[in-house]
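Take a look at the structure below.
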Amino acid sequence: MLKIILNGILALLFVSCTSLSTTNYYFDSVYGNDDNDGMSMDRPFKSLAKLKQLQLRGGDSILLKSGAVFEEQLFLTCRGEIDAPIVLGKYGGESRPHIKGNGKDTAAVHVLNSEHLIVRDLEISNKDSIPKAGLLGLWLELDKMGEAHNIAINNLYVHDVYGSNIIEKGGGIGICIQNGRDNDSIQNRFIGLNIENCHIKNCQRDGIKFRGYWLRYQWKPNLNVIIRNNLLDGVPGDGIVVAGCDGALIEYNVMKNCPKTLPDSEACDGIWPWCSDNTLVQFNVVSDHKSIIDGYAYDSDWGCKNSVFQYNLSYNNDGGFMLVIGTNGWPSTHCVNGNLGTKVRYNVSINDGLRNYITNASHKEAYFCPVMHFTGYTQNTLVENNLFYLFPKLEPQIDRTLFHFTEHDGTYGKGDIFKNNYIYVPEQTVAVKEENSIGNQYLENMYVGNLQCSFSGFNKYNGKFNSSLWYNEQDKNWDILINFLRGKNILIDGKEMKVLDILGFVE
Numbered sequence: 256m257l258k259i260i261l262n263g264i265l266a267l268l269f270v271s272c273t274s275l276s277t278t279n280y281y282f283d284s285v286y287g288n289d290d291n292d293g294m295s296m297d298r299p300f301k302s303l304a305k306l307k308q309l310q311l312r313g314g315d316s317i318l319l320k321s322g323a324v325f326e327e328q329l330f331l332t333c334r335g336e337i338d339a340p341i342v343l344g345k346y347g348g349e350s351r352p353h354i355k356g357n358g359k360d361t362a363a364v365h366v367l368n369s370e371h372l373i374v375r376d377l378e379i380s381n382k383d384s385i386p387k388a389g390l391l392g393l394w395l396e397l398d399k400m401g402e403a404h405n406i407a408i409n410n411l412y413v414h415d416v417y418g419s420n421i422i423e424k425g426g427g428i429g430i431c432i433q434n435g436r437d438n439d440s441i442q443n444r445f446i447g448l449n450i451e452n453c454h455i456k457n458c459q460r461d462g463i464k465f466r467g468y469w470l471r472y473q474w475k476p477n478l479n480v481i482i483r484n485n486l487l488d489g490v491p492g493d494g495i496v497v498a499g500c501d502g503a504l505i506e507y508n509v510m511k512n513c514p515k516t517l518p519d520s521e522a523c524d525g526i527w528p529w530c531s532d533n534t535l536v537q538f539n540v541v542s543d544h545k546s547i548i549d550g551y552a553y554d555s556d557w558g559c560k561n562s563v564f565q566y567n568l569s570y571n572n573d574g575g576f577m578l579v580i581g582t583n584g585w586p587s588t589h590c591v592n593g594n595l596g597t598k599v600r601y602n603v604s605i606n607d608g609l610r611n612y613i614t615n616a617s618h619k620e621a622y623f624c625p626v627m628h629f630t631g632y633t634q635n636t637l638v639e640n641n642l643f644y645l646f647p648k649l650e651p652q653i654d655r656t657l658f659h660f661t662e663h664d665g666t667y668g669k670g671d672i673f674k675n676n677y678i679y680v681p682e683q684t685v686a687v688k689e690e691n692s693i694g695n696q697y698l699e700n701m702y703v704g705n706l707q708c709s710f711s712g713f714n715k716y717n718g719k720f721n722s723s724l725w726y727n728e729q730d731k732n733w734d735i736l737i738n739f740l741r742g743k744n745i746l747i748d749g750k751e752m753k754v755l756d757i758l759g760f761v762e
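Take any residue in the sequence shown, note its place counting from 1, add 255, and you have its number in my numbering.
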């Protein structure tokens with residue numbers, strides 16, 4: 256009995272010591288004082304600079320007063336524990352605390368060499384009176400650290416990051432993830448990184464973007480990356496770009512209202528991997544991308560292998576639904592040649608390809624905006640069971656092409672497969688422009704309307720474009736897509752329409 260009592264006392268002491276070993280640090284930009292100890296809501300610190308003096312441990316929290324405005328950089332470097340992450344968040348109300356950068360620092364919030372960390376419930380901006388090269392909202396960076404584990408970014412409102420709108424001059428980014436630079440003596444990567452439930456608004460140039468290793472001779476990809484349920488509104492450039500990742504998951508994100516504010520030197524798309532393997536892009540919506548070059552909702556970019564795009568919605572994008580691009584001529588130690596094994600399946604494209612102006616890109620013709628553009632060395636792309644629904648173009652000069660292959664780095668696509676796609680074209684539209692692409696296959700694609708087909712494998716359907724054409728109850732992928740589209744409305748030429756009504760699906 257005595258042994259049991261002693262064990263109980265020791266257990267209580269352990270719990271007590273454990274609870275005492277974690278600390279909440281409070282910050283209030285209005286009523287705080289840096290002479291306080293910061294360890295209670297009644298005695299908060301005032302300045303975020305006090306963070307540099309804290310010895311943070313697993314389970315500690317950094318809590319900013321709800322609704323307070325901090326006009327200084329928040330710089331943090333810390334390492335929690337696998338079962339006791341450090342939390343950066345808020346206290347005292349529902350409103351987010353605002354870290355308001357004024358263009359003085361590269362990033363309003365800079366998190367360096369940290370792991371087992373949760374960043375949540377913050378408002379972040381970084382705007383000077385004029386655009387400034389390289390401005391960032393949140394900068395999550397690794398520098399000669401090695402591997403950083405288990406970082407969660409949740410419920411941030413990042414807005415008005417006023418960087419340059421030219422990428423070569425340091426285009427701005429709302430949330431920048433950087434795992435290193437070329438030729439680092441110690442290579443870094445993130446293992447377990449979640450970016451969820453964030454709202455990114457009016458940031459130029461880009462929304463969520465990775466920087467870091469991509470050359471294959473220093474290939475150390477980020478793993479277990481999830482980008483989910485984020486809203487990007489008013490971002491003119493690239494929406495979500497993962498680079499140097501293996502197995503990234505990008506799902507349930509929305510990008511909309513992309514203004515045409517970038518110069519005609521800039522090529523941008525909505526959601527895309529770059530030099531990444533096994534990326535899964537699903538259940539996303541991208542609309543109204545107006546980049547003068549490209550302007551596609553989705554992109555499987557060069558140096559990528561085995562990307563999958565499924566159950567996504569695209570509409571009203573100037574460039575089109577999707578770009579697939581491969582490059583050639585790099586040594587195998589440096590880059591994957593081409594774009595290998597992309598799968599595009601069970602997606603919906605409505606009213607894409609609206610560019611009504613001439614681009615300045617030398618390899619593109621006037622008003623170039625096919626629904627899908629394949630450029631360079633694309634190999635074994637599979638495009639199957641997608642729904643392409645075009646509306647009449649407003650001007651006669653606008654491109655009316657479904658699939659178009661062009662040259663990049665002196666190469667063309669080879670061996671891409673298009674099968675079981677369902678197409679509605681109300682006016683004369685060219686099915687395929689292959690140029691010098693070879694070895695492609697077109698199988699059992701069905702269309703309603705006026706599709707010019709110089710290849711076999713496109714079959715005219717004489718009934719209406721509706722679910723009797725494309726829905727197959729034995730194929731549960733269609734049910735997954737329908738469930739995703741259910742309740743979604745879109746604007747077409749100022750008229751609100753239900754997506755499932757457009758596609759002819761009756762509940």
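We treat Cβ as the ideally placed atom computed from N, Cα and C, and that holds for glycine.
Nothing here was measured: the structure is a model prediction, and the numbers come from that model.
Query                                                                                                                                                        : Result
What is the C-beta distance between residue 601 and residue 610, in whole angstroms, given that I count them as a contact (C-beta under 8 Å)?                : The pair is not a contact, with the Cβ atoms about 26 Å apart (cut-off 8 Å).
Check the C-beta distance from residue 335 over to residue 372 and give it rounded, since I have them as a contact under 8 Å.                                : 6 Å
Give me the Cα-Cα distance between residue 756 and residue 380, rounded to the nearest whole angstrom.                                                       : 40 Å
Look at the alpha carbon of residue 484 and the alpha carbon of residue 323, and state the distance between them as a whole number of angstroms.             : 26 Å
Measure the alpha-carbon distance for residue 580 versus residue 305 and round it to whole angstroms.                                                        : 48 Å
Got a sec, what are the start and stop residues for the beta strand (DSSP E) residue 509 sits in?                                                            : 509-511
Within the 9 Å Cβ cut-off, does residue 508 reach chain B?                                                                                                   : Given the protein chain composition of this structure (a single chain), no chain B is represented.
Mapping the DSSP letters down to three states, classify residue 740 as helix, strand or coil.                                                                : helix
So which of 367, 458, 553, 408 has the shortest CA-CA distance to residue 331?                                                                               : 367
In the DSSP assignment, the alpha helix (DSSP H) including residue 527 goes from what residue to what residue?                                               : It is not in any alpha helix (DSSP H) - residue 527 instead sits in the beta strand (DSSP E) that spans 522-529.
Please check the pair residue 468 and residue 442, which I expect to be a contact at CB under 8 Å, by giving their CB distance rounded to whole angstroms.   : 7 Å
Compare the C-alpha of residue 284 against each of 451, 319, 538, 676 and name the closest.                                                                  : 319
In terms of residues, what are the limits of the beta strand (DSSP E) holding residue 569?                                                                   : 568-570
Residue 627 bridges to which residues according to DSSP?                                                                                                     : 577, 658
Have a look at residue 522 and residue 313 and give me their C-alpha separation to the nearest angstrom.                                                     : 43 Å
Distance, Cα to Cα, residue 302 vs residue 383?                                                                                                              : 21 Å
What does the alpha-carbon distance come out to for the pair residue 422 and residue 413?                                                                    : 19 Å
Starting from residue 432 and walking both ways along the beta strand (DSSP E), at which residues does that stretch end?                                     : 428-433
Going by the DSSP bridge assignment, what does residue 500 pair with across the sheet?                                                                       : 477
According to the neighbour-count rule (16 or more other Cβ atoms, all chains shown, within 10 Å of its Cβ), is residue 280 buried or exposed?                : buried
Does DSSP classify residue 542 as helix, strand or coil?                                                                                                     : strand
Out of curiosity, what's the CA-to-CA distance linking residue 672 and residue 376?                                                                          : 45 Å
Looking at residue 584 and residue 554, is the spacing between their C-beta atoms short of 9 Å?                                                              : no
Closest by CA to residue 565, which one among 752, 733, 310, 352?                                                                                            : 733
How should residue 370 be labelled, buried or exposed, when 16 other C-beta atoms within 10 angstroms of its C-beta is the threshold for buried?             : buried
Consult DSSP for residue 801 and reduce its assignment to one of helix, strand or coil.                                                                      : As displayed, the chain neither begins before 256 nor continues past 762, which places residue 801 out of reach and without an answer.
Take every Cβ of the segment 708-717, pair it with every Cβ of the segment 679-698, and state whether three or more of those distances are shorter than 8 Å. : yes
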